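Below is one structure, written out as structure tokens, with a few remarks after it.
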Amino acid sequence: MPTSKGRLLLLHGPNLQLLGSREPSIYGTATLADHVQRATATAQRLGYEVDSEQSDDLATLIGIVQTAGTKYAGIVLNAAAFTHFAWSLHDALKSVGLPVVEVHLSNPAAREPWRHESVIAPVAIGTVAGFGGESYVLGIEALTRHLEKQ
Numbered sequence: 023m024p025t026s027k028g029r030l031l032l033l034h035g036p037n038l039q040l041l042g043s044r045e046p047s048i049y050g051t052a053t054l055a056d057h058v059q060r061a062t063a064t065a066q067r068l069g070y071e072v073d074s075e076q077s078d079d080l081a082t083l084i085g086i087v088q089t090a091g092t093k094y095a096g097i098v099l100n101a102a103a104f105t106h107f108a109w110s111l112h113d114a115l116k117s118v119g120l121p122v123v124e125v126h127l128s129n130p131a132a133r134e135p136w137r138h139e140s141v142i143a144p145v146a147i148g149t150v151a152g153f154g155g156e157s158y159v160l161g162i163e164a165l166t167r168h169l170e171k172q
């Protein structure tokens with residue numbers, strides 16, 4: 023097995039543990055575990071290891087981000103509803119200084135108006151949205167390409 027190029031953090035916000043049964047017409051029928059498995063396989067193929075964390079608690083997510091700088095090369099984040107108002111998560115991401123790719127299964131810009139603004143986007147190197155579970159895979163690919171350029 024090739025030497026790891028580093029570790030990536032997949033970070034998932036509130037209600038994402040309900041994927042597979044939560045609004046399948048919007049989010050599909052794949053579970054969070056399914057998405058993590060595909061993203062992890064992609065990262066491993068590209069030479070990276072992955073850890074995955076999910077929480078409904080904003081303070082927990084902030085704590086994970088605050089300690090990520092010493093463990094990870096970058097973060098792929100689906101902040102879910104926290105995307106639209108969690109300035110404290112924005113500040114934590116900005117402070118840790120890691121590259122962040124924001125991902126969403128659905129396309130927030132095509133949904134309710136309150137979903138159109140992201141407080142995560144200003145601290146992310148990019149956003150992947152609207153591709154279902156492929157968003158996680160594309161997020162991993164984008165992050166690893168960014169890291170390879172560094």
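Here the sequence shown is numbered in the working numbering, starting from 23 and rising by one per residue.
From the three backbone atoms N, C-alpha and C, an ideal C-beta is built for every residue, glycine too.
Just so it is clear, the structure is predicted and the values come from calculations on it, not from any experiment.
- For S74, which three-state DSSP category applies? As a working note, residue 74 is residue 52 in the sequence shown. In the structure shown, S74 sits in a strand (DSSP, three-state: E or B).
- Residue span of the beta strand (DSSP E) that contains G96, given as start and end: Taking the sequence shown and counting its residues from 1, the one referred to as residue 96 is at position 74. Segment G96 to N100, the beta strand (DSSP E) holding G96.
- Does DSSP put T51 in a helix, in a strand, or in coil? Position 29 of the sequence shown, counted from the start, is the residue given in the question as residue 51. Looking at T51 - three-state DSSP - the assignment turns out to be coil, as it is neither helix nor strand.
- Message: To the nearest angstrom, how far is the alpha carbon of G161 from that of L115?
- Response: For the purposes of this step, residue 161 is taken as residue 139 along the sequence shown, with counting starting at 1. For the purposes of this step, residue 115 is taken as residue 93 along the sequence shown, with counting starting at 1. G161 and L115: Cα-Cα distance of roughly 16 Å.
- Message: Quick check on E139: does DSSP put it in helix, strand or coil?
- Response: On the sequence shown, residue 139 is found 117 positions in, with the first residue counted as 1. Of the three classes helix, strand and coil, the one that applies to E139 here is coil, per DSSP.
- Task: With a 10 Å radius around its C-beta and 16 neighbouring C-beta atoms as the bar for buried, classify I86 as buried or exposed.
- Result: On the sequence shown, position 64 is the one that residue 86 refers to. The residue is buried, with at least 16 neighbouring Cβ atoms inside 10 Å.
- R60 - DSSP class collapsed to helix/strand/coil: By one-based count along the sequence shown, residue 60 stands at place 38. Three-state result, R60: helix.
- Query: Looking at the structure shown, is G28 part of a helix, part of a strand, or coil, going by DSSP?
  - Reply: Here residue 28 refers to the residue found at position 6 of the sequence shown. Coil, per DSSP.
- Task: Determine which residues share a DSSP beta bridge with G148 and list them.
- Result: As a first step, residue 148 is located in the sequence shown; it is residue number 126 there, counting from the start. In DSSP, G148 forms a bridge with V123.
- Message: Could you tell me the alpha carbon to alpha carbon distance between Q88 and A101, rounded to whole angstroms?
- Response: Here the question's residue 88 lines up with position 66 in the sequence shown. Here the question's residue 101 lines up with position 79 in the sequence shown. Rounded to whole angstroms, Q88 to A101 spans 15 Å at the Cα level.
- Message: For the region 118–131 against the region 62–74, do three or more pairs of beta-carbon atoms, one drawn from each stretch, fall closer than 8 Å, so that the two count as touching?
- Response: In short, these stretches do not touch, since the Cβ pair count stays below three.
- Can you check DSSP and say which residues form a bridge with L111? Counting from one through the sequence shown, the residue named residue 111 turns up at place 89. Its beta-bridge partners do not exist; DSSP assigns none.
- Query: Less than 8 Å separating the beta-carbons of P36 and A103?
  - Reply: Walking along the sequence shown from the start, residue 36 turns up at place 14. Walking along the sequence shown from the start, residue 103 turns up at place 81. Going by C-beta atoms, P36 is nearer than 8 Å to A103.
- Return the chain-ordered list of same chain residues with a C-beta closer than 7 Å to the C-beta of Q39, the five sequence neighbours on each side being excluded. Position 17 of the sequence shown, counting from 1, holds the residue named residue 39. Within its own chain, the residues whose Cβ lies closer than 7 Å to the Cβ of Q39, once the five positions on either side in sequence are excluded, are L54 and Q76, listed in chain order.
- Query: Could you check where the alpha helix (DSSP H) with S157 kicks off and where it finishes?
  - Reply: The sequence position of residue 157 within the sequence shown is 135, counting from 1. Counting along the chain, the alpha helix (DSSP H) containing S157 begins and ends at E156 to K171.
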